[in-house]
Amino acid sequence: MAEVLVYVDHVDGAVRKPTLELLTLARRIGDPVAVALGSGAEATAAALAEHGAVKVLTADAPEFGDYLVVPKVDALQAAYDAVSPAAVLVPSSAEGKEIAARLAVRIGSGIITDATDLEAGDEGPVATQAAFAASFTTKSRVSKGVPVITVKPNSAPVEAAPAAGTVEALTVSFGEKSTGTKIVSRTPRESTGRPELTEAAIVVSGGRGVNGAENFHIIEALADSLGAAVGASRAAVDAGWYPHSNQVGQTGKSVSPQLYIANGISGAIQHRAGMQTSKTIVAVNKDAEAPIFDLVDYGVVGDLFQVVPQLTEEVTSRKG
Amino acid sequence: MSLRIVVCVKYVPDATGDRHFADDLTLDRDDVDGLLSELDEYAVEQALQIAGEADDAEITVLTVGPEDAKDALRKALSMGADKAVHVEDDDLHGTDVMGTSLVLAKAIEKTGYDLVVCGMASTDGTMGVLPALLAERLGVPQVTLLSEVSVDGTTVKGRRDGDTASEQLEASLPAVVSVTDQSGEARYPSFKGIMAAKKKPVEALDLGDLDLDADLVGLEGAWTKVESATERPARTAGTIVKDEGEGGKQLAEFLVSQKFI
Ligand SMILES: Cc1cc2nc3c(=O)[nH]c(=O)nc-3n(C[C@H](O)[C@H](O)[C@H](O)COP(=O)(O)OP(=O)(O)OC[C@H]3O[C@@H](n4cnc5c(N)ncnc54)[C@H](O)[C@@H]3O)c2cc1C
Ligand SMILES: Cc1cc2nc3c(=O)[nH]c(=O)nc-3n(C[C@H](O)[C@H](O)[C@H](O)COP(=O)(O)OP(=O)(O)OC[C@H]3O[C@@H](n4cnc5c(N)ncnc54)[C@H](O)[C@@H]3O)c2cc1C
């Protein structure tokens, strides 16, 4: 069977969930060969093998941490040359998309970004995308070169499928351009202990209706009772009530959880663009006319300061 | 020496309008108003600020798009850019991102540049890859997704707030930069700016001017093919209750029925 390159997103050897989902999709079109770069790359092998990687290509070098994007493109290209795959799959993070795009230019291929599903087709893999704030669903394929496709988190189930997972060192020679953009310093984001927003099965969000940073604990308490991630609208972020890294929407994170709970959020098109593909949508808003209610499976017209704490209490007592 | 800045701006359908696909599965531009992508206003703003800090700078705004895309250029000119370049050709209809990046790279080279500034993503295709593609094609550093940017002599610096960390980046000019909507509110054009924009030069280029083969652009030349586009069925109307004291409990019942609790 044809081999499919899968770019691995990991933090010091801990493979992030979207990569495991990619392996599920990769198996529909061929044998996954994973490419893991940077510190801890070799430590990813066990998890990747357990989820279907027939081979894991690893490389570590200071360049990956010292310079932006290009060294990783050099490495992915080296893997591409070594394997001659039928497709290249990359997680749809901001960096993942940039790596994929530059690789596509180098190998003369088309690119599809933010796929939400992937299946084998007669003329190569067919990708599903959500367009125009998810009001349309498109099916597309790459018609020139070897398909390069980036896939959004929560697009496929994580499935165990034990495979060989043989680890091989990848030889990478960095091009002259790889040191063009220096990463002068890096400040890691503090962990909140909550699930990562894009990967979470449940997201609880707050908007302008939360009315102040000091009230966001109401949203956090509901999130914690459900084991959920916390999101925010741009209005809440711009007001300084919650960090930008938690913004959901067109210019924030795009989420696709099993359950999305919007509290005090009107449902502007740019917010919808980031959450409309959620499986089940719930909203609490005191305005019965708020556009968010057009999307919901269940909505409560009411004051979030009454409804949300009551819900949290119910969840906690039912779980307890 | 003058700092030559090229800002790439896209003409997009209004996101609050009824956006949809035409019969050939490209964007239907007839039924919905177009405008300068709001996220590119941030790019124009940062270019204006960088130019303001430089001894001498010139800002060219560049778009690849149909006739109406001139509106996007005029808006950018009215914000304060100096001149515009419009790449327009009937053969461009249906061009995908590979083709668009090729055309933009050629036009940027022809115009001459020290710094290219882009938005973080368009508001229609929303791929967020074009700046990286331009850097790859032009063979210059990419300094992308910046929430803060400055140019100091021949060095461009910026802050990139990523998923797991916030990074300070630095590169030598020439370079390609993209800025996020966290980089600072874009200014509104003044009346004076709007009047001045009418007199600013807009250079029109076609594929021939850029020595580009029509085979590499348009629907036929695209590296990708859209096979179908279907409107998402309207969500079946959900249950909506009014809180009369038990709203939280009712919502909990729903979550239990859906097995979330
Ligand atoms: C280029 C661009 C990009 C953008 N990107 C994003 C993005 O990524 N994400 C995003 O979210 N927005 C984005 N926006 C902004 C977007 O257009 C809206 O302004 C924003 O989403 C509004 O946030 P909101 O719903 O919290 O606030 P509002 O629209 O002000 O809505 C607040 C809601 O809270 C309700 N409310 C108030 N008090 C209570 C209460 N006590 N109990 C219950 N309900 C209450 C109100 O009825 C109202 O519906 C973008 C805009 C532009 C132009
Ligand atoms: C719904 C939809 C889905 C699409 N999916 C794909 C796909 O999967 N694969 C594919 O190859 N193409 C796709 N396209 C086409 C692609 O979006 C356009 O070719 C395009 O102009 C570049 O991508 P973008 O608009 O997403 O740009 P982005 O990469 O999101 O744009 C980033 C920045 O690049 C600059 N820029 C982008 N386009 C122009 C322009 N025409 N003129 C000047 N500056 C510009 C702007 O500064 C902008 O802020 C899609 C288009 C639509 C409408």
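Taken in sequence, the protein lines are chains L and X.
Residue 1 is where the first sequence starts when you use my numbering, and the numbers rise one by one after that.
Residue 1001 is where the second sequence starts when you use my numbering, and the numbers rise one by one after that.
Ideal placement from N, C-alpha and C gives every residue a C-beta, glycine not left out.
As the structure is a computational prediction, the values presented were derived from the model and not from experiment.
Spatial distance of residue i from residue j (CA atoms)
i	j	result
L/SER155	X/GLY1153	45 Å
L/SER178	X/GLU1109	21 Å
L/SER185	L/GLY13	21 Å
L/VAL88	L/LEU48	16 Å
L/SER93	L/LYS152	8 Å
L/PRO195	L/ALA164	30 Å
L/VAL335	L/SER173	In the structure as shown, chain L starts at 1 and stops at 320, and residue 335 of chain L therefore has no counterpart that could be examined.
X/GLU1067	X/ALA1084	14 Å
L/THR251	L/ALA236	14 Å
X/THR1236	L/PHE293	11 Å
L/LEU295	X/THR1239	11 Å
L/LEU259	L/LEU226	10 Å
L/GLY110	L/LEU5	16 Å
L/LYS17	L/THR198	10 Å
L/TYR7	X/VAL1202	43 Å
L/ALA137	L/ALA228	Before going on, a small fix: residue 137 of chain L reads as Thr here, not Ala. Spanning the two alpha carbons is a distance of roughly 27 Å.
L/ARG318	L/GLY299	21 Å
L/GLU21	L/ASN211	37 Å
L/LEU311	X/LYS1249	6 Å
X/ALA1186	X/SER1122	16 Å
L/GLN276	X/ASP1033	23 Å
X/ARG1074	X/THR1164	38 Å
L/ALA201	L/PRO257	5 Å
X/SER1150	X/PRO1013	31 Å
X/ASP1124	X/GLY1245	42 Å
L/ASP60	X/PRO1233	47 Å
L/LYS72	X/PRO1141	14 Å
L/GLY321	X/THR1026	The structure shown does not extend to residue 321 of chain L, since chain L spans only 1 to 320, so no value can be given for it.
L/VAL301	X/SER1183	36 Å
X/LYS1225	L/GLY209	43 Å
L/GLU159	L/GLY30	15 Å
Within chain X, partners of residue i - CB distance below 7 Å
i	result
L/THR181	PRO1141, GLN1142, VAL1143, LEU1169, ALA1171
L/GLY227	Those within 7 Å of L/GLY227 in chain X number zero; the least Cβ separation is about 10 Å.
L/ASP297	GLY1238
L/ILE112	THR1224
L/GLU199	Within 7 Å Cβ-Cβ: nothing; L/GLU199 doesn't reach chain X, min ~11 Å.
Amino acids of chain X, ordered along the chain, whose beta-carbon sits closer than 9 Å to that of residue i
i	result
L/VAL184	LYS1157, GLU1167, GLN1168, LEU1169, GLU1170
L/ASP81	Per Cβ cutoff of 9 Å: no residues; L/ASP81 is ~17 Å from chain X at best.
L/PHE293	GLY1238, ILE1240
L/SER93	GLY1162, ASP1163
L/ASP303	ASP1243, GLY1247
L/GLY102	For clarity, residue 102 of chain L is Arg in the given sequence; the question names Gly instead. Per Cβ cutoff of 9 Å: VAL1129, ALA1132, LEU1133, ALA1135, GLU1136, GLN1142.
L/VAL126	GLU1227
Cross-chain neighbours of residue i in chain L, by beta carbon under 8 Å
i	result
X/PHE1191	The premise fails here: X/PHE1191 is roughly 27 Å from chain L at the closest Cβ pair, so nothing lies under 8 Å.
X/ILE1194	Under the 8 Å cutoff, chain L gives no residues; its nearest Cβ is about 26 Å from X/ILE1194.
X/LYS1010	Correct list: empty, because the minimum Cβ distance to chain L is about 14 Å.
X/VAL1256	ARG318
Contact test: residue i Cβ vs ligand 3 heavy atom, cutoff 7 Å
i	result
X/LYS1083	With respect to small molecules bound, the structure shown includes ligand 1 and ligand 2 and not ligand 3.
Chain-ordered chain X contacts of residue i [CB-CB under 8 Å]
i	result
L/LEU259	LEU1255, GLN1258, PHE1260
L/THR280	GLN1258, PHE1260
Proximal chain L residues relative to residue i, where beta-carbon distance stays under 9 Å
i	result
X/ASP1033	Within chain L, no residue comes near X/ASP1033; the closest Cβ sits about 14 Å away, beyond 9 Å.
Minimum Cβ-Cβ distance from residue i to chain C less than 8 Å
i	result
L/GLU314	Within the model displayed, chain C is absent; protein chains L and X are what it includes.
Within chain L, partners of residue i - CB distance below 7 Å
i	result
X/THR1180	THR251
Only counting runs of 4 or more residues, tell me where the alpha helix (DSSP H) segments fall wholly within the stretch 1212-1246 of chain X, in order along the chain. The qualifying runs are 1218-1221.
Nearest-residue set for ligand 1, Cβ under 5 Å from any heavy atom: Sorted by position in the chain, L/GLY207, L/ARG208, L/GLY209, L/SER233, L/ARG234, L/ALA235, L/GLY249, L/GLN250, L/THR251, L/GLY252, L/GLY264, L/ILE265, L/SER266, L/ALA268, L/GLN270, L/HIS271, L/ASN285, L/LYS286, L/ASP287, L/ALA290, L/ASP303, L/LEU304, X/GLU1038 make up the residues whose C-beta lies under 5 Å from a heavy atom of ligand 1.
Mind checking the stretch 1209-1230 of chain X against chain L and listing, in chain order, the residues whose C-beta falls within less than 8 Å of any C-beta there? Listed in sequence order: ALA1222, TRP1223, THR1224, LYS1225, VAL1226, GLU1227, SER1228, ALA1229, THR1230.
Go through the stretch 1096-1121 of chain X residue by residue and report every complete run of the beta strand (DSSP E) that reaches 3 residues or more, in order. The qualifying runs are 1115-1119.
Jot down the residue ranges of each uninterrupted alpha helix (DSSP H) in the stretch 78-144 of chain L, minimum 4 residues, whole runs only, in chain order. Fully contained in the stretch 78-144 of chain L are the following alpha helix (DSSP H) runs of length 4 or more, in chain order: 94-107.
Closer than 7 Å, Cβ to any Cβ of chain X: which residues of the stretch 17-43 of chain L, in chain order? The residues in question: there are none.
Chain X contacts from the stretch 131-148 of chain L (Cβ-Cβ distance under 8 Å): For the stretch 131-148 of chain L, the residues whose beta carbon sits under 8 Å from a beta carbon of chain X are, in order, ALA131, PHE132, ALA133, ALA134, SER135, PHE136, THR137, THR138, LYS139, SER140, ARG141, VAL142, SER143, LYS144, GLY145.
So if I threshold CB-CB distances at 9 Å, which residues from the stretch 1087-1100 of chain X count as touching chain L? Flagged, chain order: ASP1096, VAL1097, MET1098.
What residues from the stretch 1104-1129 of chain X come within 8 Å of chain L, judged by C-beta to C-beta, listed N to C? Answer set for the stretch 1104-1129 of chain X: MET1120, ALA1121, THR1123, ASP1124, THR1126, MET1127, GLY1128, VAL1129.
Counting only Cβ-Cβ distances shorter than 9 Å, please list the residues of the stretch 1039-1063 of chain X near chain L, keeping chain order. Cβ contacts with chain L: LEU1039.
Could you name each continuous beta strand (DSSP E) segment of 3 residues or more that falls completely within the stretch 28-73 of chain L, going from the start of the chain to the end? Runs of the beta strand (DSSP E) inside the stretch 28-73 of chain L: 31-37, 55-59.
By the 8 Å beta-carbon criterion, what residues does the stretch 246-274 of chain L contribute toward chain X? For the stretch 246-274 of chain L, the residues whose beta carbon sits under 8 Å from a beta carbon of chain X are, in order, GLN250, THR251, GLN258, LEU259, ILE269, GLN270, ALA273.
In chain order, what residues of the stretch 148-181 of chain L put their CB closer than 7 Å to some CB of chain X? If the cut-off is 7 Å between Cβ atoms, the stretch 148-181 of chain L has LYS177, GLY180, THR181 near chain X.
Please list, in chain order, the residues of the stretch 1063-1086 of chain X that have any C-beta partner in chain L closer than 8 Å. The residues in question: there are none.
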